[in-house]
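Visitor: Mind looking over this structure? Questions follow.
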Amino acid sequence: MEFKMDPTLILHTPPPLDSAWLAHEKSANLLAPAPALTTSSERQQLYASTCRKLNTELLSGRDKHLTEGIKIHDTGIETRPGSSGDPVYIPIRSYKPSFTSSGPPPPAISSTSDGNEESGREIEEERDDGVPIVIYYHGGGLYVGDLDSEDLTCRRVCKELQCTVYSVEYRLMPEVTASTALADAIAAFRAITATRKASRLILMGSSSGGQLAAQVSQRFKTSVGHMQIHGVLLRGPVTCDATEDGANLPPKLRECHTSMSEAFHTSLLSNAAVNSQNRTKELMPLEVEDLSGMPRHWIQVSTNDIYYSDGACYAEALRRKGVDVKLDVVVGWPHTFWLKAPFLERAVMAERDMIEGLRWLLESESEAKVEG
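Note that our numbering has the sequence shown beginning at 51, numbered continuously upward.
Take a look at the structure:
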């Protein structure tokens, strides 16, 4: 069947950047040359320190309410990459509404895997709190990012929707491959869903974290041996390798995927995170043919972003397989701007829209049909 998209979603050139973004870009000096970093460790440390500084500023001011009514606990799982590999610890941070219990922090999410994805051992199980669970994967191109990177978003989701959030840290390139990062994401999903219970389960991620969330949701779209996934929320997701003039795209997408070009470069993102040399050996989300049976999706994309078409095309591919999808298009703004400029009014709106999208995913299908 021929792949056809709504022509209004196919952008050969982006619209002008919003004037509010241009003003921020100037005031924040974002067009100045980036500092010269010689190692991946330096890049990771700079990104981490920038995120933590911004978090501290916001949590002591505008977002001070996100320091209250939430129990935050750092835990993790231990996994083995292979039968002879050394154990690897995957950090996980939990955010729980404070009303759920008044006792000590929940037991560690403990799981040991020998590399066989059907193996794994449940160690401890927490009692059902009767609240939904969101498993969150941060962005950063699989090169940077940690549990602090998108801490404010996790707090906001927990606080406003009264659900438990598990934020997953994974190993980063170039020290490991993209497939190792995906393996960590899968191991965390297995451990959380094996040892926790919830009324609803949502997977969520931004940018490359959206890639991981999408790949995990595709792997576990049927609820066999684990908790059912009820919804997926993706923000500026990476879903394919559109570099090399689209040579690596599935043929059906080449006329529709138009944003991997210089016209869509911005001060936030001008280089593709994924290419034929560093991608996962597993299929990227848009390369998977059978998307039938996937849970509902809410996808947010920005028009001035090289990954705009990744999200728009993925939404259309899901729709064509009968999946219920809502696509939120932010016109005139760059990749994940809500993280880099959270003080701006449009960033606040994007966060609010995300919360409403997640609220829709948390509804039962019958509730959604009645309200629709």
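Cβ atoms here follow ideal geometry from the backbone N, Cα and C, with glycine treated the same way. Keep in mind the model is a prediction, meaning the values are calculated, not measured.
(1) Out of Thr89, Ile183, Ser99 and Thr203, point me to the one whose CA is closest to His115's CA.
(2) Out of Leu262, Ala322 and His385, point me to the one whose CA is closest to Ala400's CA.
(3) Label Gly286 either buried or exposed according to how many other C-beta atoms from any shown protein chain fall within 10 Å of its C-beta, with 16 as the threshold for buried.
(4) Would you kindly check if the distance between the Cβ of His280 and the Cβ of Pro335 is under 7 Å?
(5) Report yes if the C-beta distance between Tyr216 and Leu262 is below 7 Å; otherwise report no.
(6) With DSSP run on the structure shown, which of helix, strand or coil describes Ile405?
(7) Beta carbon of Pro65, beta carbon of Gly382: below 7 Å?
(8) How do the segment 262-272 and the segment 230-245 stand: do at least 3 beta-carbon pairs fall below 8 Å, yes or no?
(9) Within this structure, are the beta carbons of Val184 and Ile252 separated by less than 7 Å?
(10) Which one of Arg102, Ile60 and Leu108 has the shortest CA to CA distance from His394?
(11) What ranges does the alpha helix (DSSP H) occupy inside the segment 88-115, keeping only unbroken runs of at least 4 residues that lie completely in it?
(12) What residue ranges within the segment 301-387 form continuous alpha helix (DSSP H) runs of no fewer than 4 residues, ordered along the chain?
(13) Evaluate Phe387 with the Cβ neighbour count: other Cβ atoms within 10 Å of its Cβ, from every protein chain shown; 16 or more gives buried, anything less gives exposed.
(14) Note down, one range per segment and in chain order, each alpha helix (DSSP H) of at least 4 residues found wholly within the segment 226-280.
(15) Anyone know if the C-beta pair for Gly191 and Ala323 falls short of 7 Å?
(16) Could you tell me the alpha carbon to alpha carbon distance between His333 and Ile120, rounded to whole angstroms?
(17) Look at Ala98 and Asp196 and say whether their C-beta atoms are less than 7 Å apart.
(18) Could you give the DSSP three-state label for Asp201: helix, strand or coil?
(19) Would you tell me roughly how many angstroms separate the C-alpha atoms of Pro57 and Ala362, rounded to the nearest one?
(20) Where does Glu118 sit, in a helix, a strand or coil, going by DSSP?
(21) Need the endpoints of the alpha helix (DSSP H) that Pro76 sits in, please.
(22) I need the boundaries of the beta strand (DSSP E) containing Ile38, first residue and last residue.
(23) Excluding sequence positions up to five away, which residues of its chain have a Cβ less than 6 Å from the Cβ of Ala13?
(24) Which word fits Pro83, buried or exposed, when buried means at least 16 other C-beta atoms lie within 10 angstroms of its C-beta?
(25) If you follow the beta strand (DSSP E) that Ile60 is in, where does it begin and where does it stop?
(26) Over the uninterrupted beta strand (DSSP E) stretch that includes Ser144, give me the two end residues.
(27) With a threshold of 6 Å on Cβ separation, who are the neighbours of Leu59 within its own chain once the five nearest residues in sequence on each side are excluded?
(28) Taking Val215 as part of the beta strand (DSSP E), name the residues at either end of that continuous run.
(29) Give the straight-line distance between the Cα atoms of Asp340 and Ala367, rounded to the nearest whole angstrom.
Guide: If we stick to the structure as given:
(1) Start at 1 with the first residue of the sequence shown, and residue 115 comes out as number 65. Cα-wise, what sits closest to His115 is Thr203.
(2) Along the sequence shown, read from residue 1 onward, the residue named residue 400 stands at position 350. Minimum Cα distance to Ala400 is reached at His385.
(3) Working through the sequence shown from its first residue, we reach residue 286 at position 236. Buried, by the Cβ-count rule.
(4) Mapped onto the sequence shown, residue 335 falls at position 285. Mapped onto the sequence shown, residue 280 falls at position 230. With contacts defined as CB atoms closer than 7 Å, Pro335 and His280 fail to qualify as a contacting pair.
(5) Mapped onto the sequence shown, residue 216 falls at position 166. Mapped onto the sequence shown, residue 262 falls at position 212. Cβ atoms of Tyr216 and Leu262: not closer than 7 Å.
(6) Here residue 405 is taken as the residue at index 355 of the sequence shown, counted from 1. Correct three-state label for Ile405: helix.
(7) Looking up residue 65 in the sequence shown gives position 15. Looking up residue 382 in the sequence shown gives position 332. Contact: yes.
(8) yes
(9) Along the sequence shown, one-based indexing puts residue 184 at 134. Along the sequence shown, one-based indexing puts residue 252 at 202. Cβ distance < 7 Å, so Val184 and Ile252 count as in contact.
(10) Residue numbering aside, residue 394 sits at position 344 when the sequence shown is read from its first letter. Per the sequence shown, the amino acid found at residue 394 is Leu instead of His. Taking only the C-alpha atoms, the option nearest Leu394 is Leu108.
(11) 90-109
(12) List check, alpha helix (DSSP H) in window: 358-370.
(13) As a first step, residue 387 is located in the sequence shown; it is residue number 337 there, counting from the start. Under this definition Phe387 is a buried residue.
(14) 228-245 and 258-269
(15) Taking the sequence shown and counting its residues from 1, the one referred to as residue 191 is at position 141. Taking the sequence shown and counting its residues from 1, the one referred to as residue 323 is at position 273. Going by C-beta atoms, Gly191 is nearer than 7 Å to Ala323.
(16) One-based indexing of the sequence shown puts residue 333 at position 283. One-based indexing of the sequence shown puts residue 120 at position 70. It is Leu, not His, that sits at residue 333 in the sequence shown. The alpha-carbon atoms of Leu333 and Ile120 are separated by roughly 37 Å.
(17) Along the sequence shown, read from residue 1 onward, the residue named residue 98 stands at position 48. Along the sequence shown, read from residue 1 onward, the residue named residue 196 stands at position 146. Between Ala98 and Asp196, the C-beta spacing is below 7 Å.
(18) Residue mapping note: residue 201 aligns to position 151 of the sequence shown, counting from 1. Helix.
(19) Position 7 of the sequence shown, counted from the start, is the residue given in the question as residue 57. Position 312 of the sequence shown, counted from the start, is the residue given in the question as residue 362. Straight-line Cα distance between these residues: approximately 11 Å.
(20) The sequence position of residue 118 within the sequence shown is 68, counting from 1. The three-state reading of DSSP puts Glu118 in coil, since its state is none of H, G, I, E or B.
(21) If you number the sequence shown from 1, residue 76 lands on position 26. At residue 76 the sequence reads Lys, which differs from the Pro that was named. Run containing Lys76: Ser69 to Ser77, per the alpha helix (DSSP H) assignment.
(22) Within the shown structure, residues of the chain are numbered from 51 to 422, placing residue 38 beyond reach of any answer.
(23) The structure shown does not extend to residue 13, since the chain spans only 51 to 422, so no value can be given for it.
(24) Taking the sequence shown and counting its residues from 1, the one referred to as residue 83 is at position 33. Label assigned to Pro83: exposed.
(25) Locating residue 60 in the sequence shown gives position 10, counting from the first residue. Counting along the chain, Ile60 falls outside any beta strand (DSSP E), and DSSP gives it neither H nor E.
(26) Stepping through the sequence shown from its first residue, residue 144 is reached at position 94. That run of the beta strand (DSSP E) goes Val138 to Pro147.
(27) Translated into the one-based positions of the sequence shown, residue 59 becomes position 9. Once the five neighbours on either side are set aside, the close Cβ partners of Leu59 are Ala362.
(28) For the purposes of this step, residue 215 is identified with residue 165 of the sequence shown, where counting begins at 1. Val215 -> beta strand (DSSP E) spans Thr214 to Val218.
(29) One-based indexing of the sequence shown puts residue 340 at position 290. One-based indexing of the sequence shown puts residue 367 at position 317. Their backbone Cα atoms lie some 10 Å apart in a straight line.
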